[in-house]
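In what follows, a single structure is set out as structure tokens and then discussed.
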Amino acid sequence: MTREERKGGTFGAAGGNLRPVSAGRLDVGISDEIRSRIVSLNYPPGLMIFENAVAAEFGVSRTPVHQAFMRLSHEGLLDVLPQRGARVSFLSRSTIIHAQYVRECLEAAAFFDAARIWDAADAAHLQRERRAQDLIEAQREAVARGDYLRFTELDVAFHTEILGVLGNDLLLACVSQMRNQLNRLRLLELREAHHEKRMIADHEALLAAVSAGRADEARRRLITHLKTLEDFREEIFGRHPDLFRP
Numbered sequence: 542m543t544r545e546e547r548k549g550g551t552f553g554a555a556g557g558n559l560r561p562v563s564a565g566r567l568d569v570g571i572s573d574e575i576r577s578r579i580v581s582l583n584y585p586p587g588l589m590i591f592e593n594a595v596a597a598e599f600g601v602s603r604t605p606v607h608q609a610f611m612r613l614s615h616e617g618l619l620d621v622l623p624q625r626g627a628r629v630s631f632l633s634r635s636t637i638i639h640a641q642y643v644r645e646c647l648e649a650a651a652f653f654d655a656a657r658i659w660d661a662a663d664a665a666h667l668q669r670e671r672r673a674q675d676l677i678e679a680q681r682e683a684v685a686r687g688d689y690l691r692f693t694e695l696d697v698a699f700h701t702e703i704l705g706v707l708g709n710d711l712l713l714a715c716v717s718q719m720r721n722q723l724n725r726l727r728l729l730e731l732r733e734a735h736h737e738k739r740m741i742a743d744h745e746a747l748l749a750a751v752s753a754g755r756a757d758e759a760r761r762r763l764i765t766h767l768k769t770l771e772d773f774r775e776e777i778f779g780r781h782p783d784l785f786r787p
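Throughout, my numbering is defined as the position within the sequence shown, counted from one, plus 541.
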């Protein structure tokens, strides 16, 4: 590890800067930045990227870059080609369909259980509710700026906040894995269908149902909420055939 890597810090990147990362976690900061570029389609499917070039951009050795590439490969966002670099993965229609199904099954059950155990008198639950409300307000601000990537990040944070009441890290990991397959499609849907106001209204209704303990309503509203993207899915497939594979 180089002296610069041990120090950590903020590294310049195309279109913005990396957030500061602690020493020894440079791979996380680099993977976060590359993931953002992939999800925003600034790195389109099929684009080749190379460890040496990324290491030079971030001012680090190849080690954390290689680790970041491996992380993104496990998420299905990069195809690592031995001795040839890495290619931004194409979106798979079948994987998207399957990931949407799995996510809906997991989150529908989880939102039901979150509402069932929610305790309005519990200080931790009240704090979680306030954070969720803040995330909804931040989504409104992102819409006003036309920042769809930030809106998508806040959407993930909102769902994670509600799911977190269950204290089930395995659930969060499984849902996150499904989202990794869907985030690029979700960003396209926001940019082209402009469902963001409906999604904010959904979040408000979901939070109200969960915090009031209305478990059946929370599950029903969650399924309807997730169906928004599914209903627009085939249209996106048709509009952007170059981004997708079977």
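Ideal Cβ placement from N, Cα and C applies to all residues, glycine included.
Among residues of its own chain, excluding the 5 on either side of residue i, which ones have a beta-carbon nearer than 7 angstroms to its beta-carbon?
i: Ser752; result: Trp659, Ala661 and Glu670
i: Glu645; result: Ile764 and Leu767
i: Arg755; result: Ala656
i: Ala734; result: Phe773
i: Cys715; result: Leu647
i: Leu613; result: Ser572, Ile575, Arg576 and Leu619
i: Ala679; result: Leu695
i: Gln722; result: Gly617, Thr636, Ile637 and Ala640
Near residue i, what residues of its chain come up, given a Cβ to Cβ distance below 8 angstroms and the 5 sequence neighbours on each side ignored?
i: Ala759; result: Phe652, Phe653, Ala655, Ala656, Leu747, Ala750 and Val751
i: Pro787; result: Ser633, Arg634 and Ser635
i: Gln674; result: Leu748
i: His666; result: Trp659, Asp660, Val706 and Ser752
Between residue i and residue j, how many whole angstroms is the CB-CB distance? I'm expecting something under 8 angstroms.
i: Leu763; j: Glu598; result: At roughly 40 angstroms, the Cβ-Cβ gap does not stay under 8 angstroms, so Leu763 and Glu598 are not in contact.
i: Ile637; j: Leu726; result: 6 angstroms
i: Phe631; j: Leu784; result: 7 angstroms
i: Glu771; j: Gln641; result: 6 angstroms
i: Arg576; j: Leu618; result: 6 angstroms
i: Met719; j: Val643; result: 5 angstroms
i: Arg681; j: Ile590; result: With a Cβ gap of about 34 angstroms, Arg681 and Ile590 do not count as contacting.
i: Asp568; j: Gln608; result: 4 angstroms
Could you name the residues of the same chain whose beta carbon sits closer than 6 angstroms to that of residue i, not counting the 5 residues immediately before and after it, in chain order?
i: Leu729; result: Ile777
i: Gly705; result: none
i: Pro782; result: none
i: His744; result: Ile677 and Phe699
i: Ala650; result: none
i: Leu582; result: none
i: Asp757; result: none
Considering just the uninterrupted stretch of the beta strand (DSSP E) at residue i, what are its terminal residues?
i: Ala627; result: Gly626 to Val629
i: Leu619; result: Leu619 to Leu622
Terminal residues of the continuous alpha helix (DSSP H) containing residue i?
i: Phe778; result: Ala756 to Arg780
i: Tyr642; result: Arg634 to Ile658
i: Glu694; result: Tyr689 to Leu704
i: Phe610; result: Arg603 to His615
i: Asp663; result: First-last for Asp663: undefined, no H or E at that position.
i: Leu567; result: Leu567 to Val580
i: Leu731; result: Asp710 to Ala734
i: Ala596; result: Glu592 to Phe599
i: Asp743; result: Glu737 to Ser752
Does the separation of the CB atoms of residue i and residue j fall below 8 angstroms?
i: Arg739; j: Glu702; result: no
i: Glu616; j: Arg603; result: no
i: Val684; j: Glu737; result: yes
i: Leu690; j: Val629; result: no
i: Thr693; j: Leu731; result: yes
i: Leu676; j: Leu695; result: yes
i: Val621; j: Asn724; result: no
What I want to know is whether the C-beta of residue i ends up closer than 7 angstroms to one or more non-hydrogen atoms of the ligand ATP.
i: Arg634; result: Of the ligands one can find in the structure shown there are none, so the ligand ATP has no counterpart to examine.
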